[in-house]
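Engineer:
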Amino acid sequence: MEIRIVEANNLRNAATELKQSGFRLLLVSGVDWVQKSNTYEALYHFSKVCGPDLVLLKVSVPADDPKVPSIADIFGLADWHERETYDLLGITFEGHPNLARIFLPDDFKGHPLKKDFIAYKRMLPG
117 MEIRIVEANN LRNAATELKQ SGFRLLLVSG VDWVQKSNTY EALYHFSKVC GPDLVLLKVS
177 VPADDPKVPS IADIFGLADW HERETYDLLG ITFEGHPNLA RIFLPDDFKG HPLKKDFIAY
237 KRMLPG
């Protein structure tokens with residue numbers, strides 16, 4: 117697998133180049149690195165339509181402003197994957213056509229995959 121570190125402002129160009137080269141999007145996910153480097157990382161996994169080539173795009177964003185441009189208009193599959201990553205980790209995908217929670221209720225407070233999320237206290241009544 118080839119790993120490419122991409123700046124957020126170059127993500128859409130990188131995704132477009134991969135699509136034009138015959139790659140398809142497999143997965144979008146995120147990682148909380150806040151305790152280690154005060155960042156979040158958006159990860160984009162791609163594979164070649166005809167061949168074994170795999171590419172991982174890694175986009176690091178600051179924890180105090182975790183925003184990445186959406187690629188949902190380039191790869192339709194990104195639509196739900198970006199929503200899931202937003203819902204569970206709190207990364208905002210700017211320009212997404214419907215960036216809303218996908219698993220959790222709209223009034224849910226926080227993002228449960230953040231390492232500082234305290235689930236037990238939130239589940240107690242009262």
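According to my numbering, the sequence shown is numbered sequentially starting from 117. For each residue, glycine too, the CB sits at the ideal point set by N, CA and C. All figures in this text were calculated on a predicted structure; none of them were measured in a lab.
So Glu-157 is in the beta strand (DSSP E); what residue range does that whole segment cover?
Structural biologist: Taking the first residue of the sequence shown as position 1, residue 157 is located at position 41. 155 to 164 is the span of the beta strand (DSSP E), which, as asked, contains Glu-157.
Engineer: In chain order, what residues of the same chain have a beta carbon less than 7 angstroms from the beta carbon of Gly-206, not counting five sequence neighbours either side?
Structural biologist: Translated into positions along the sequence shown, residue 206 becomes position 90. Here the set comprises Pro-182, His-227 and Lys-230.
Engineer: What does a CB cutoff of less than 7 angstroms around Gln-151 pick up in its chain, not counting 5 residues either side in sequence?
Structural biologist: To locate residue 151, count along the sequence shown from 1; it is residue 35. Only Lys-231 meet the Cβ criterion.
Engineer: Suppose contacts are defined by Cβ-Cβ distances below 7 angstroms. Is Ile-187 in contact with Ala-131 by that definition?
Structural biologist: As a working mapping, residue 187 is identified with position 71 in the sequence shown. As a working mapping, residue 131 is identified with position 15 in the sequence shown. Against a cut-off of 7 angstroms, the Cβ pair of Ala-131 and Ile-187 comes out as a contact.
Engineer: Got a sec, what are the start and stop residues for the alpha helix (DSSP H) Glu-198 sits in?
Structural biologist: Reading the sequence shown from its first residue, position 82 is the one you call residue 198. Element bounds for Glu-198: 194 to 205.
Engineer: For Asn-129, which residues of its own chain have a beta-carbon under 6 angstroms away from its beta-carbon, when the five flanking residues on both sides are left out?
Structural biologist: Locating residue 129 in the sequence shown gives position 13, counting from the first residue. The answer is none, since no qualifying residue turns up.
Engineer: So what does DSSP say about Val-147, is it helix, strand or coil?
Structural biologist: Numbered from its first residue, the sequence shown carries residue 147 at position 31. Strand.
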